[in-house]
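Residue numbers (our numbering), protein chains in the order written: chain B, 864 to 1159; chain G, 77 to 535.
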Amino acid sequence: MAVVTGKSQRWRITLAHLGLWVLIAITLFPLLAVVSISLRPGNFATGSLIPTEISLEHWKLALGFSHIQADGVVVQPPFPVLLWLWNSIKIATISSLLIVAVSTTAAYGFARLKFRFKSTILNSMLLLQMFPVAVALVAIYAIFEAIGGVIPWLGIETHGGLIVAYIGGVAMHIWTIKGYFETIPTEIEECAKVDGATSWQAFYKVLLPMAVPILMVVFVLAFIGTIIEYPIASVLLREEPNLTLAVGSKYYLYEQRYLWGDFAAAAVLSGLPITLVFLAAQRWIVSGLTSGGVKG
Amino acid sequence: MNAWRYLFPGVLAMLLFVAFPLVYTVQIGFTNYSASNLLSEDRARGYLLEQAEVSESRAYGFSLHADGDDRARLVLTPQGEGASSTRFASAPLSLGSPQAGAVAMQPLALDVKLSAPYSLRQVVANRDALKALRLTLPDQSQLIYAGLREFAVFEPLWQVQPGGALKRLLDGAVYQPNRDTGYFEDAQGERLQPGFKVGVGFANYARLFGDADMRGPFVSIFIWTVVFAGLTVLFSTAIGMTLAVVLNWEALKYRTLYRTLLFLPYAVPGFISILVFKGLFNQNFGEINAILNALFGVKPAWFADPMLAKAMILIVNTWLGYPYIMVLCTGLIKSIPSDLYEASAIAGAKPLTNFFRITAPLIIKPLTPLLISAFAFNFNNFVLISLLTDGRPDYLNTKLPAGTTDILVSYTYRIAFTDAGANFGLAAAISTVIFFLVAILSLVNLKLTQSKDLSKGGH
């Protein structure tokens, strides 16, 4: 594009750079501040944003070690951050695996098999997913209390119950995988069927190996979605050793027991891995965004 | 039928944990389900029938006598003056494996030889097993464990009457189950706790829209919810769209770097960035007030003043939300054919003209349904409100706690799960109202997307 650039153009570019840097500074301020706070001694010190004295006390506590203060007082870790992180990872991994399994088979059915009410089911699934789960919390609580009366390991205050609750959120993933299956020509499976494969074998041995990349994408998306989930987890889990990070982190910032520095270390420790996974998966997430999904 | 084998798990999961909770919420909205009316009528009656008074005056001393491997006979001895001398004994019981249940006691013949009684320490060791026992004497009176030395007669307080009413045995007062209010009531309308769960029709809705004490906060919260969601979308779109346009400018260097840095708020987990802001905005210990204090000598009370709290929520949510709009707009702008801009450059158009004449008109149509989705999402942005302010500061003088920064979902959460007596029925009624609003938004969205698809198909 041959556009004549003049003096005003250069001014505008400088102005744009300046404006962008101001905005970037505002955007990054909370993130950089929390790193600096995690390295600053004490939970109340304010004033210097760049720590004059580096202290690892908050990191020690976040990693589960006790810390000995200068006056000899031993400080125990206030919360089991690593246990919470483990709970979060465990729940997110298991539920994501189940979500992938459930949505893959369903996507195969929708992409390849012919049956009545197919488009009705598909559309009502999308419509259902628009209702935020936070609104149905009362019912979810009541349902899991009832389930817990029959199957104790799926009730309130169990990780099993939370995992099962997360499997409900499969509609978007079914659509993603279905879209991918539809790009694979049906002739490949038909050949397998001509050679005597059943429809299950055609799915399991032929189609599935070709869909591994999309399954990994769905796994990562489901993992991120469940590890940051707060509303259901906050209703189903209440006892400290059971909590996930998303539910537990808020306990650091109670007015009566304000642990700002300890929170900062725990936040960086738990937030950084999730952020990195998110950035690595950015490409797929962005392509999903334009189809209407909003992150929670 | 073959297809259902594949669909079954996914569709079942959605029905159970997405569709059913919606329907169930609507149903709960028509009941009085709450902390005081938690059980079904049968279970509430069962609970009351289990209530009993232990009569200390008719207590029996007890002793345990070993009889075979790990087994012992329980022997009851009448106490007090003038008591008969008949002792009662059980068959040998296995106390090691505690099994609740009725044990029949038989009169003990005088000439039966028993082994030496258990020491107190052995009795203590078997306490849990003893507590599970329910002894029946030949005259049908029931005894339960009443201490380390005694079993006592256990007298139920209530007796069930035909029709499900309960009679208090002490004074003969009869409490009828009132299936409109969900309580057992006597003739004077005095209620027994616990109540039970019954349908109450539109009572929750009548309370919501009719009761002035309830309607006031409800309307204010509703208005704030709409304002909050609308302004969030407006601010995020203003910033996000501007950034997308600027970052699409080819003369600008380092665009990829800028885009990555500006995308960061979206990549950080929401529960962490919201809590980080909660700390940064803290009135006394927060870094934002430290900076404001150093620059202007002010320390705004972000969490105590309703207006400031609302401003803070909008600032935080704009920070969280603009990267999403930026990414959306970037994608939409990329799809605009570049010859339009070339033509306008030849015509000598300024950048602002380009934006208002080419970019904005072309992206606004595909953007609208996405913005409506963003509005619907923020309308129910429970995580933000719950973690940042928890709805506080609260309105004064309301019957149920209601916050000035509460949005409808966080308000239902407070009614159902925190203070205010866990009124699930009322919370579900508000949720049902939200369902209708979301459904309307979704329908509008569907119409817009469909008309877009149709116009696409028309080309």
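Using N, Cα and C, we set each Cβ at its ideal position, and we do this for glycine too.
>> Just checking: is the beta-carbon of B/ALA888 within a distance shorter than 7 Å of some beta-carbon in chain G?
In response: no
> For the putative contact between G/SER507 and G/THR101, defined by C-beta atoms under 8 Å, what is the C-beta separation to the nearest angstrom?
Replying inline: 5 Å
> With a cut-off of 7 Å, does the C-beta of G/SER45 fall near any C-beta of chain B?
Replying inline: Given a span of 77 to 535 for chain G in the structure shown, any question on residue 45 of chain G remains unanswerable.
> Which chain A residues are close to B/PRO1072, counting only those with a beta carbon under 8 Å from its beta carbon?
Replying inline: Absent here is chain A; the protein component of the structure consists of chains B and G.
> Just by C-beta distance, which residues in the segment 384-396 of chain G are closer than 8 Å to chain B?
Replying inline: Taking 8 Å as the upper bound on Cβ-Cβ separation, chain B lies near residues TRP395 of the segment 384-396 of chain G.
>> From the DSSP secondary-structure annotation, give me the bridge partner or partners of G/ILE364.
In response: Looking at the DSSP assignment, G/ILE364 forms no beta bridge with any residue, so it has no partner.
> Excluding the five sequence neighbours on either side, which residues of its own chain have a C-beta within less than 7 Å of the C-beta of G/ALA505, listed in chain order?
Replying inline: Closer than 7 Å at the Cβ level, and outside the excluded window around G/ALA505, lie GLY105, ASN280, TYR281, LEU284.
> Within the 7 Å Cβ cut-off, does G/THR107 reach chain B?
Replying inline: no
> On the three-state DSSP scale, how would you describe B/GLU916?
Replying inline: coil
> Would you say G/GLU126 reaches chain B, if we count a Cβ-Cβ gap shorter than 7 Å as a contact?
Replying inline: no
>> Give me the residue from G/SER112, G/LEU91, G/ALA180 with the minimum Cα distance to G/LEU169.
In response: G/ALA180
> Quick one: Cα of G/ASN108 to Cα of G/GLY271, how far?
Replying inline: 10 Å
>> Considering Cα atoms alone, identify which of G/PHE227, G/GLY424, G/PRO85, G/ALA222 is closest to B/LEU961.
In response: G/PRO85
> Where G/LEU242 and G/HIS141 are concerned, what is the direct C-alpha to C-alpha distance, given to the nearest angstrom?
Replying inline: It is roughly 41 Å from the alpha-carbon of G/LEU242 to the alpha-carbon of G/HIS141.
>> For the segment 1088-1104 of chain B against the segment 1049-1065 of chain B, do three or more pairs of beta-carbon atoms, one drawn from each stretch, fall closer than 8 Å, so that the two count as touching?
In response: no
> Just the Cα atoms here: how many angstroms apart are G/ILE389 and G/GLU363?
Replying inline: Here the C-alpha atom of G/ILE389 lies approximately 17 Å from the C-alpha atom of G/GLU363.
>> Between B/GLY1031 and chain G, is any beta-carbon pair separated by less than 7 Å?
In response: Yes, B/GLY1031 counts as interfacial toward chain G.
> Just curious, the beta strand (DSSP E) that G/ASN168 is in, first and last residue?
Replying inline: According to the sequence provided, residue 168 of chain G is Pro. The question's Asn does not apply to it. Judged by DSSP secondary structure, G/PRO168 falls outside any beta strand (DSSP E); it is assigned neither H nor E.
> At a CB-CB cut-off below 9 Å, which residues of chain G make contact with B/MET993?
Replying inline: SER449, ALA452, VAL514, ALA515, LEU517, SER518, ASN521
> Cβ of B/SER1154 less than 7 Å from any chain G Cβ?
Replying inline: Note that B/SER1154 has pLDDT 48, beneath the 50 cutoff, so the model's placement of it is unreliable and the number below is only indicative. With 7 Å as the cut-off, B/SER1154 does not count as an interface residue toward chain G.
> With a cut-off of 8 Å, do at least 3 Cβ pairs link the segment 122-136 of chain G to the segment 1014-1032 of chain B?
Replying inline: no
> If we cut at 7 Å on Cβ distances, does G/LYS475 have a partner in chain B?
Replying inline: no
> Nearest-angstrom Cα distance between G/LEU446 and G/PRO399?
Replying inline: The C-alpha of G/PRO399 is placed about 14 Å away from the C-alpha of G/LEU446.
>> On the DSSP bridge list, what partners appear for G/ILE220?
In response: G/ALA228
> Do B/VAL1110 and G/VAL485 come within 7 Å of each other at the CB atom, strictly closer than that value?
Replying inline: No, these two residues do not count as a Cβ contact at 7 Å.
> Applying the criterion that 16 or more other CB atoms from any shown protein chain within 10 Å of the CB defines a buried residue, is G/LYS532 buried or exposed?
Replying inline: Low per-residue confidence applies at G/LYS532: pLDDT is 44, beneath 50, and the placement is therefore not dependable, though the value from the model is reported in the following sentence. Flag for G/LYS532 reads exposed.
> Among G/LEU408, G/ARG210, G/LYS189, G/ARG255, which residue has its Cα nearest to the Cα of G/SER116?
Replying inline: Comparing C-alpha distances from G/SER116 to each of G/LEU408, G/ARG210, G/LYS189, G/ARG255 shows the shortest one belongs to G/ARG255.
>> Quick check on G/PRO399: does DSSP put it in helix, strand or coil?
In response: helix
>> Please list, in chain order, the residues of the segment 1083-1114 of chain B that have any C-beta partner in chain G closer than 7 Å.
In response: Taking 7 Å as the cut-off between beta carbons, the residues of the segment 1083-1114 of chain B near chain G are ILE1091, TYR1093, PRO1094, VAL1098, ALA1109, SER1112, LYS1113, in sequence order.
> Do the segment 1030-1048 of chain B and the segment 985-1001 of chain B touch if we need at least three Cβ pairs shorter than 8 Å?
Replying inline: yes
> Buried or exposed: where does B/ALA1127 fall if 16 or more other Cβ atoms within 10 Å of its Cβ makes it buried?
Replying inline: buried
> Is G/GLY86 close to chain B, meaning its C-beta is less than 7 Å from at least one C-beta of that chain?
Replying inline: yes
>> Please report the straight-line C-alpha distance between B/ILE1087 and B/VAL1140, rounded to a whole angstrom.
In response: 8 Å
>> Just to make sure I have the definition right: I need the residues of chain B whose C-beta is within less than 8 Å of the C-beta of G/THR101. Which are they?
In response: VAL998, ALA999, VAL1001, ALA1002
> Taking a cut of 8 Å between CB atoms, which residues from the segment 1123-1140 of chain B lie near chain G?
Replying inline: Residues of the segment 1123-1140 of chain B that bring their beta carbon within less than 8 Å of a beta carbon in chain G comprise TRP1123, PHE1126, ALA1127, ALA1130, SER1133, GLY1134, ILE1137, THR1138, in sequence order.
> In terms of alpha-carbon separation, which member of G/LEU219, G/ALA148, G/THR212 lies closest to G/SER191?
Replying inline: Among G/LEU219, G/ALA148, G/THR212, the Cα nearest to that of G/SER191 belongs to G/ALA148.
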